[in-house]
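S.K.: Each protein sequence line maps, in turn, to chains Y and E.
The numbering used here applies: residue 669 is where the first sequence begins, and numbers increase by one.
The numbering used here applies: residue 159 is where the second sequence begins, and numbers increase by one.
We put the beta carbon where it would ideally sit given N, CA and C, even for glycine.
Dropping a structure here in structure tokens format, bear with me for questions.
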Amino acid sequence: MVAPQNEAAGLVRLLPAELQGYRAQGKDEFFNRDNLFSLINGGAEVYRALNVQTVISRRYAQAAAPDILVDLFDMGSSADAFGAFHHDVREAAGAQVGHESEYQGGVLHFWKDRYFVSVVTLQENEQSRKAVLGIGQAIDRVIAQKGKKPDLLACLPAGWLQSHLHYFHGATLLDRHLDLGDSNPLGLSNETAGILTRYGSSKPAESELSLLLVRYRSELLAEKIYIGLGHGLLAGRDKDGMVERGKSRWSGAKRLGRDLILVLNATSAPAGLIKLEQAKSLCPGARP
Amino acid sequence: MSKKKENFSRRDFLKNTAGLAVIGSAGVSSFCNKKSPSAPATPMSSTKTAETKAAKPRAKVVLIRDQKVLDAHRKVNPAQLEKMIDDAVMALTGEPEAGAAWARLIRPEDTVGIKTNVWRFIPTPTELEQVVRQRVEAAGVASERIAIDDRGVLDNPVFQKATALINMRGSRTHHWSGVGSCIKNYIMFSPEPASWHEDSCANLAGVWDLPLVKGKTRLNVLVMLTPLFHGKGPHHFQPSYTWAYNGLVVGQDPVAVDATGLRILAAKRHQHFGKDEPFHVSPKHIQVAEQKFGLGVADPQRIDVIKLGWAEGALI
Numbered sequence: 669m670v671a672p673q674n675e676a677a678g679l680v681r682l683l684p685a686e687l688q689g690y691r692a693q694g695k696d697e698f699f700n701r702d703n704l705f706s707l708i709n710g711g712a713e714v715y716r717a718l719n720v721q722t723v724i725s726r727r728y729a730q731a732a733a734p735d736i737l738v739d740l741f742d743m744g745s746s747a748d749a750f751g752a753f754h755h756d757v758r759e760a761a762g763a764q765v766g767h768e769s770e771y772q773g774g775v776l777h778f779w780k781d782r783y784f785v786s787v788v789t790l791q792e793n794e795q796s797r798k799a800v801l802g803i804g805q806a807i808d809r810v811i812a813q814k815g816k817k818p819d820l821l822a823c824l825p826a827g828w829l830q831s832h833l834h835y836f837h838g839a840t841l842l843d844r845h846l847d848l849g850d851s852n853p854l855g856l857s858n859e860t861a862g863i864l865t866r867y868g869s870s871k872p873a874e875s876e877l878s879l880l881l882v883r884y885r886s887e888l889l890a891e892k893i894y895i896g897l898g899h900g901l902l903a904g905r906d907k908d909g910m911v912e913r914g915k916s917r918w919s920g921a922k923r924l925g926r927d928l929i930l931v932l933n934a935t936s937a938p939a940g941l942i943k944l945e946q947a948k949s950l951c952p953g954a955r956p
Numbered sequence: 159m160s161k162k163k164e165n166f167s168r169r170d171f172l173k174n175t176a177g178l179a180v181i182g183s184a185g186v187s188s189f190c191n192k193k194s195p196s197a198p199a200t201p202m203s204s205t206k207t208a209e210t211k212a213a214k215p216r217a218k219v220v221l222i223r224d225q226k227v228l229d230a231h232r233k234v235n236p237a238q239l240e241k242m243i244d245d246a247v248m249a250l251t252g253e254p255e256a257g258a259a260w261a262r263l264i265r266p267e268d269t270v271g272i273k274t275n276v277w278r279f280i281p282t283p284t285e286l287e288q289v290v291r292q293r294v295e296a297a298g299v300a301s302e303r304i305a306i307d308d309r310g311v312l313d314n315p316v317f318q319k320a321t322a323l324i325n326m327r328g329s330r331t332h333h334w335s336g337v338g339s340c341i342k343n344y345i346m347f348s349p350e351p352a353s354w355h356e357d358s359c360a361n362l363a364g365v366w367d368l369p370l371v372k373g374k375t376r377l378n379v380l381v382m383l384t385p386l387f388h389g390k391g392p393h394h395f396q397p398s399y400t401w402a403y404n405g406l407v408v409g410q411d412p413v414a415v416d417a418t419g420l421r422i423l424a425a426k427r428h429q430h431f432g433k434d435e436p437f438h439v440s441p442k443h444i445q446v447a448e449q450k451f452g453l454g455v456a457d458p459q460r461i462d463v464i465k466l467g468w469a470e471g472a473l474i
């Protein structure tokens, strides 16, 4: 669990030694993509799928107060740090920490620059809540760059649910949120980048539609996938690319350069088509 | 966001687990019958063998709760916890005295691995580990033939030679398998734990067929002192999604123990969210454990729950 010395030093400097009576306890632990399973029981795949580089884990303690555990993930890029934060549904209030944040029930998550940060108290009370936020703010101050959200966000028509926004590369992560079958019909890999979001209600049964954007490494590959969808997931699509899948639920796709845009579960073909066209007009590939 | 893969009858399973009335302690299993002290009790049910019989197998678990086992800061009261585990084992074996009850599970010549769980947010309580070690020693096992371990079981010489296993871990929802409970606790017996993660860890019960494990488990203790009923983030832990349930679910059948724990978590989710809130990842490995691997009984209607102790807020 030892990171290269320069990486370790780089991460150590981001964490406060003490704050509000809490002091670092024990030795810092370091993890990489190969041994992340020993830190995260069950969820390491999420961060591995988003190219995690190094993680520092530190426990803070003070007498008669619940411990606080901090894990700082160097994701290697701000897009992947964004992805790590948005893997979970983010329905709670932001905490004005980092680029985006959420505080809920004793847990602070935020991302900034290439870092995703988790600050967790073992029990929430007023003292530990303040300390959790304080530690987050201290880390926030040390990270100089804010970081950039994924370019694909520019393709999203207005009205998407901020709480239900997921960024992914391979099928592993998308499969956590959306069942497209076991054959990876979108040809997702670590060389693709994608966004999944939802419009309307946050409740799946009431949701108007989901929008999925995937950027491939080449136009050729995007076209190949687009054609393949016509023989599989979107078999029977009409001239506009729409097909009814399920009762009164429409899905469809458009390709634009190396981007593939899909709508899923629209309540009508025109509703889906409008969203597709809106996204198409917003994608950078549509501009001269 | 709810996961949509529900090809296994997740909804049916959870509908059952959340809505059934408690069956009570009327069920009598072969395990309850007196056996020779030299013959350790073995899991009472096997779907594989029972398929040839007319009646489907049943299982028995003990749900014991104690209002005083945790203080206001959720610190464990060792004496209360000791009484809980003894009472549970007595109820499970039908023995009126703790020493005799433990002797039904462990023989003096056994080599015993106590498989715990070190997950830093809800570890197996040290107090429970120690009292179980004491009980195993009191059953006549030499201390050098007893080990307590989690992540080092594959390299632990006692576990390598173990003739008996005791399986104890905290109850929680889980990012990858729906819930983390007794079946899943043996994943560290696999040289490649991640290889079991496919399809929401559906085939986890296969771990129980590994040579280091197969047929050795004498007792399963699902620790529900402060269970986790929901989670998010890297560790899938949020203190506000835990509660002081102050319970243990104890049994020989790991599937029945897990299915009972699942009912409690499902009921708590219903209570908290005000509606049936499906687990974000299907805990189907519990049902698969019965239907595919014959490891035990997953159907709550065939699990006899003996409820002892504090009744308020039991949820099932």
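At the level of alpha carbons, what is the spacing between GLU432(E) and HIS777(Y)?
M.R.: Before going further, note that residue 432(E) is Gly rather than Glu in the sequence given. Roughly 26 Å between the two C-alpha positions.
S.K.: Nearest CA to the CA of VAL785(Y): which residue from TYR690(Y), LYS798(Y), ASP735(Y), SER769(Y)?
M.R.: Closest by alpha carbon: SER769(Y).
S.K.: Quick test of your reading: THR269(E) and MET326(E), contact by CB under 8 Å. State the CB separation rounded to the nearest angstrom.
M.R.: About 17 Å; that fails the 8 Å criterion.
S.K.: Of all the CB atoms in chain Y, is at least one closer than 7 Å to the CB of LYS390(E)?
M.R.: Yes, LYS390(E) counts as interfacial toward chain Y.
S.K.: Anything in chain E within Cβ reach of VAL738(Y), meaning under 7 Å, just list it in chain order.
M.R.: Result: empty, since nearest Cβ-Cβ is about 11 Å, beyond 7 Å.
S.K.: Just how far apart, CA to CA, sit LEU888(Y) and ARG926(Y)?
M.R.: Each residue's Cα considered, the two are about 8 Å apart.
S.K.: Report the partner residues of LYS922(Y) according to the DSSP bridge assignment.
M.R.: Answer by DSSP bridge pairing, in chain order: ILE929(Y).
S.K.: Only counting the same chain, and skipping five residues up and downstream in sequence, which positions put a Cβ closer than 7 Å to that of ASN404(E)?
M.R.: Cβ neighbours of ASN404(E) beyond the five flanking positions: ARG223, ASP224, GLN225, VAL227, LEU228, LEU383, TRP468.
S.K.: Since HIS834(Y) sits in a beta bridge, which residues does DSSP pair it with?
M.R.: LEU864(Y), per the DSSP bridge assignment.
S.K.: What residues of chain E sit near ASP756(Y), judged by a beta carbon separation below 8 Å?
M.R.: Ordered by position in chain E, the residues that pass the 8 Å Cβ test against ASP756(Y) are LYS390, GLY391.
S.K.: Going by DSSP, which residues form a beta bridge with LEU877(Y)?
M.R.: LEU877(Y) is bridged to TYR867(Y).
S.K.: I believe LEU221(E) touches LYS465(E) by the beta-carbon criterion, under 8 Å. Please report the beta-carbon distance rounded to the nearest angstrom.
M.R.: Sure, about 5 Å apart at Cβ, within 8 Å.
S.K.: With C-beta atoms as the reference, is TRP828(Y) less than 7 Å away from TYR771(Y)?
M.R.: No.
S.K.: To be precise: take each residue of the region 439-461 of chain E, compare its Cβ to all Cβ atoms of chain Y, and keep it if any distance is under 9 Å. Which residues remain?
M.R.: Answer in chain order: VAL439.
S.K.: Of all the options HIS899(Y), ALA937(Y), ASP808(Y), LEU897(Y), which has the alpha carbon lying nearest to the alpha carbon of LYS915(Y)?
M.R.: When only C-alpha atoms are compared, the closest one is ALA937(Y).
S.K.: Taking all protein chains shown into account, do 16 or more other C-beta atoms lie within 10 angstroms of the C-beta of GLN459(E), making it buried, or fewer, making it exposed?
M.R.: Exposed.
S.K.: How big is the Cα-Cα spacing for ALA677(Y) and SER725(Y)?
M.R.: Answer to the nearest angstrom: the Cα atoms are 13 Å apart.
S.K.: Reducing DSSP to helix, strand and coil, say where SER204(E) ends up.
M.R.: Caution is warranted here: a pLDDT of 42 is assigned to SER204(E), below 50, making its placement in the model unreliable, and no coordinate value can be reported.
S.K.: DSSP three-state label for LEU707(Y), please.
M.R.: In the structure shown, LEU707(Y) sits in coil (DSSP, three-state: anything other than H, G, I, E or B).
S.K.: Would you mind reading off the limits of the alpha helix (DSSP H) that contains THR840(Y)?
M.R.: Here the alpha helix (DSSP H) through THR840(Y) covers 839-845.
S.K.: Residues of chain Y with a CB under 8 Å from the CB of TRP334(E): which are they?
M.R.: Those are GLY710, GLY711, GLU713, listed as they occur along chain Y.
S.K.: Quick one: which unbroken beta strand (DSSP E) runs of 3-plus residues sit fully inside the region 709-772 of chain Y? Chain order, please.
M.R.: With a minimum length of 3 residues, the continuous beta strand (DSSP E) runs that stay inside the region 709-772 of chain Y are 722-729, 736-742, 768-772.
S.K.: When DSSP builds the beta bridges, which residues end up paired with MET382(E)?
M.R.: According to DSSP, which records beta bridges pairwise, MET382(E) is partnered with GLY405(E).
S.K.: Would you check if the region 277-288 of chain E and the region 378-398 of chain E touch, i.e. whether three or more CB-CB distances between them fall below 8 Å?
M.R.: Output reads yes: the region 277-288 of chain E touches the region 378-398 of chain E.
S.K.: Between the Cα of GLN830(Y) and the Cα atoms of ASP847(Y), LEU879(Y), THR860(Y), which residue gives the shortest distance?
M.R.: Ranking the options by Cα distance to GLN830(Y), first place goes to LEU879(Y).
S.K.: Under the assumption that ILE929(Y) contacts ALA903(Y) (Cβ atoms under 8 Å), give the Cβ distance between them as a whole number of angstroms.
M.R.: Not a contact, Cβ separation roughly 18 Å.
S.K.: Using 8 Å as the threshold, is the region 246-255 of chain E in touch with the region 441-455 of chain E, meaning 3 or more CB pairs across them?
M.R.: No, they do not touch.
S.K.: So VAL290(E) and ILE324(E) are in contact, right, with Cβ under 8 Å, and what is the actual spacing, rounded?
M.R.: Their Cβ separation, rounded to whole angstroms, is 6 Å, which keeps VAL290(E) and ILE324(E) in contact under 8 Å.
S.K.: Report the option in LYS695(Y), HIS754(Y), VAL720(Y) whose CA atom is closest to the CA atom of HIS845(Y).
M.R.: Checking every option, the nearest Cα to that of HIS845(Y) belongs to HIS754(Y).
S.K.: Please report the distance separating the alpha-carbon of ARG421(E) from that of GLY409(E).
M.R.: When rounded, the distance between both Cα atoms is 15 Å.
S.K.: Could you name the residues of chain E that HIS777(Y) contacts, counting a contact when the two beta carbons are closer than 7 Å?
M.R.: Under the 7 Å cutoff, chain E gives GLY391.
S.K.: For ASP244(E), report the span of its alpha helix (DSSP H) as first-last.
M.R.: Counting along the chain, the alpha helix (DSSP H) containing ASP244(E) begins and ends at 236-251.
S.K.: Would you tell me roughly how many angstroms separate the C-alpha atoms of THR722(Y) and ARG716(Y), rounded to the nearest one?
M.R.: Their Cα atoms are separated by approximately 10 Å.
S.K.: Which first and last residues belong to the beta strand (DSSP E) in which THR331(E) is found?
M.R.: Where THR331(E) is concerned, the enclosing beta strand (DSSP E) stretches over 322-332.
S.K.: Please state the DSSP three-state secondary structure of TRP354(E).
M.R.: Looking at TRP354(E) - three-state DSSP - the assignment turns out to be helix.
S.K.: Compile a chain-ordered list of the residues in the region 393-411 of chain E whose CB is closer than 7 Å to at least one CB of chain Y.
M.R.: The residues in question are HIS393, HIS394, PHE395, GLN396, PRO397, SER398, TYR399.
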